[in-house]
Amino acid sequence: MTQPTHTHRQHGGRYAELNQFDGGSALEGQKLVAYRDLDKDVTSATTLDDWRQLWRPIAADDCTVCLGTGRDSIKGNKRQPCGGCYGLGKVRKDGETPATQWELAEVATGIIQRQQRIIEERDQILAFPEVQAALQERKNRRQEEPPDWVQREQDWRAGGGRAHGGRRHTGD
């Protein structure tokens, strides 16, 4: 049996990347990825850009039951946490499921430390003056005019309707 190498970012599932090749005829000039859906036993192909955007590789410490989602994939109930990782999506560094609360706390601490590193890296990027200038320019553009949904809502409320006085009944 083929081992899963990737999982879908939104839908989960187990996928194995088979190979990459150049497209022909209508897909000339594009790189394609052939993959196998191990749950449905179907082989398919997609563009390399879609593959990188919609699928993610399975990390070594991802839970083998839920593949890192933290949701119950066996019964299909997405509201319940996974029984293999207790909803964390990660397991011990050796790939085993945490057996005690201390092992579970160790896994949770690893997740927190990983997130702290990511936040520190983003803070370092945000400290650059060019990034600050771009963020300030974006903020100024947003403050100049209201978002388009606000204007549409105001136009709709001011438009003709069937309530008293010819205005729309909006419930407020």
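Counting in the working numbering, the sequence shown runs from 1157 upward without gaps.
From the three backbone atoms N, C-alpha and C, an ideal C-beta is built for every residue, glycine too.
Just checking my contact of residue i with residue j at CB under 8 Å: how many whole Å lie between their CB atoms?
i: I1267; j: K1246; result: 6 Å
i: C1241; j: G1226; result: 6 Å
Between residue i and residue j, what straight-line distance do the alpha-carbon atoms span, to the nearest angstrom?
i: E1173; j: T1199; result: 10 Å
i: T1203; j: L1188; result: 4 Å
i: D1195; j: R1294; result: 44 Å
i: E1309; j: A1216; result: 49 Å
i: D1311; j: G1179; result: 48 Å
i: G1224; j: Q1269; result: 17 Å
i: R1170; j: A1289; result: 43 Å
i: D1218; j: A1182; result: 37 Å
i: E1275; j: A1314; result: A small correction: the amino acid at residue 1275 is Ile; Glu does not occupy that position in the sequence shown. The straight-line gap from Cα to Cα measures roughly 45 Å.
i: W1305; j: V1287; result: 28 Å
i: D1193; j: A1201; result: 10 Å
i: Q1236; j: R1278; result: 32 Å
i: L1291; j: P1303; result: 17 Å
i: K1234; j: G1168; result: 11 Å
i: L1260; j: Q1271; result: 17 Å
i: K1231; j: A1283; result: 46 Å
i: Q1307; j: D1197; result: 49 Å
Just checking: is the beta-carbon of residue i within a distance shorter than 9 Å of some beta-carbon in chain D?
i: A1289; result: No chain D appears in this structure, which consists of one protein chain only.
Cβ atoms of residue j and residue i: under 9 Å apart, would you say?
i: T1253; j: V1221; result: yes
i: W1211; j: R1165; result: yes
i: A1190; j: Q1209; result: no
Assign residue i to buried or exposed, taking buried as 16 or more other Cβ atoms, counted over all protein chains shown, within 10 Å of its Cβ.
i: P1213; result: exposed
i: V1263; result: buried
i: P1160; result: buried
i: T1163; result: buried
i: W1258; result: exposed
i: S1229; result: buried
i: L1244; result: buried
i: W1207; result: buried
i: D1205; result: exposed
Query raised in the report: At which residue ranges does the stretch 1242 to 1281 contain complete beta strand (DSSP E) runs of 3 or more residues, listed in the order of the chain?
Result: none
Query - Runs of beta strand (DSSP E) wholly within the stretch 1176 to 1202 (minimum 3 residues, chain order) - result: 1187 to 1193
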